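Residue numbers (this note's numbering): -10 to 273.
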């Protein structure tokens, strides 16, 4: 979900006309982006049969034109995008993906005199209790634009920081791991799952402006495992974070907590306890 949307924006920004295909099943969609030769550039539609059919159909579309077909229990909507109006919309969608707690792409289709009519909306939520309003029409689908469980920032260089960041991404959090020693971490597995990004800083002396630029604001989740947190911890405490925890070396002076694994013996156990605590606090 994190790669096809930026590609649509990039293609439109460079005056190309990408083809967006949505494979809809029970009002839930998957997406893929194709070029005008029918080659899949990014995303996936669930099966080779669907992708082959879409590739053939895509080459027949004109700019702004859409078509639909049914393959088994899947309805596929294919549209050739282009122009400044399309670029403005998909930039808005990308903003919802990156900035909102949760965001969805709502696609509604109706038959029209000039062919299939496609109407799209970006539904962005600012908290876990916001429910999207869905249309009464039959032909609609939702496609998640981000994970939707919340935004997690992890400040640290130890295994607890890495395990918590990787597990958070795996369960559906949008994770940013902040570190000053990236070469000491084995990031190969962590960066292939969910929404995980690494932010490499020169030192733990982090200005307030930099924290705001990162996205520290009310409601985000924050875990700190480094003891060098004196420059940024006060601001995070004042920011209205939805959950703030100290672990690893940062918590050595803290009394032992009970939690899920009071005698955790591995970073992965400790990470599971921390993620469980975050999600429980948010009542998700």
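Heads up, the beta-carbon is just placed ideally off N, CA and C, and yes, glycines get one too.
Values in this document were obtained by computation on a predicted structure and should not be read as measured data.
If you compare alpha carbons, which of 87, 225, 34 and 266 is closest to residue 66?
34
I need the DSSP call for residue 151, collapsed to helix, strand or coil.
Helix at residue 151.
If I'm right that residue 44 touches residue 23 with Cβ under 8 Å, what's the distance once you round it to whole angstroms?
7 Å
Which of helix, strand or coil does DSSP assign to residue 160?
Of the three classes helix, strand and coil, the one that applies to residue 160 here is helix, per DSSP.
Is any non-hydrogen atom of the ligand ATP found closer than 7 Å to the C-beta of residue 239, if you look at the structure I gave you?
In the structure on display, the ligand ATP does not appear, and there are no ligands present to speak of.
Taking 8 Å as the CB-CB cut-off, is residue 97 touching chain D?
In summary, chain D is missing from the structure at hand, where a single protein chain is found.
If you draw a straight line from the alpha carbon of residue 142 to that of residue 113, how long is it in whole angstroms?
21 Å
I'd like to know whether the C-beta atoms of residue 129 and residue 16 end up nearer to each other than 8 Å.
Yes; because the gap between Cβ atoms is below 8 Å, this pair is in contact.
Three or more C-beta pairs below 8 Å linking the region 151 to 166 and the region 217 to 232
Cβ pair count under 8 Å is below three, so no.
Under three-state DSSP, which class holds residue 41?
helix
Determine the extent of the alpha helix (DSSP H) in which residue -2 is found, giving its start and end residues.
-7 to 2
Check whether the Cβ atoms of residue 135 and residue 92 sit closer than 8 Å, and answer yes or no.
yes
Quick check for students: name the residue ranges of the beta strand (DSSP E) that lie wholly in the region 168 to 238, counting only runs of 3 or more.
184 to 189, 210 to 213 and 232 to 235
Could you tell me if residue 86 is buried or exposed, where buried requires 16 or more neighbouring beta carbons within 10 angstroms of its beta carbon?
Residue 86 counts as buried, since no fewer than 16 other beta carbons sit within 10 angstroms of its beta carbon.
Would residue 27 pass as a contact of residue 47 if the rule is Cβ separation under 8 Å?
yes
Taking residue 164 and residue 150 to be in contact with their CB atoms under 8 Å, please state how far apart those CB atoms are, rounded to whole angstroms.
Actually they are not in contact, since the Cβ atoms of residue 164 and residue 150 sit about 11 Å apart, beyond 8 Å.
Look at residue 94 and residue 111 and say whether their C-beta atoms are less than 8 Å apart.
yes
From the DSSP output, which residues share a beta bridge with residue 132?
94
Under DSSP, the alpha helix (DSSP H) around residue 85 begins and ends at which residues?
In the DSSP assignment, residue 85 falls within the unbroken alpha helix (DSSP H) covering 73 to 88.
So for residue 263, helix, strand or coil by DSSP?
helix
Under 8 Å between the Cβ atoms of residue 109 and residue 96?
yes
Whole angstroms is fine: what's the gap from residue 171's alpha carbon to residue 224's?
Cα to Cα, residue 171 sits roughly 24 Å from residue 224.
When the distance is taken between beta carbons, is residue 213 closer than 8 Å to residue 190?
no
Report all residues from its chain with a CB closer than 6 Å to the CB of residue 216; omit the five preceding and five following residues, and keep chain order.
238 and 239
Please confirm whether residue 83 and residue 1 have their CB atoms less than 8 Å apart.
no
State the beta-bridge partners of residue 52 as determined by DSSP.
According to DSSP, which records beta bridges pairwise, residue 52 is partnered with nothing at all.
Neighbourhood of residue 52 by C-beta, 6 Å cutoff - its chain only, sequence neighbours within 5 removed
6, 69 and 71
For residue 145 and residue 88, I'd like the C-alpha separation in whole angstroms.
23 Å
Measure the C-alpha to C-alpha separation of residue -8 and residue 50 and round it to an integer number of angstroms.
23 Å
Helix, strand or coil for residue 9 per DSSP?
strand
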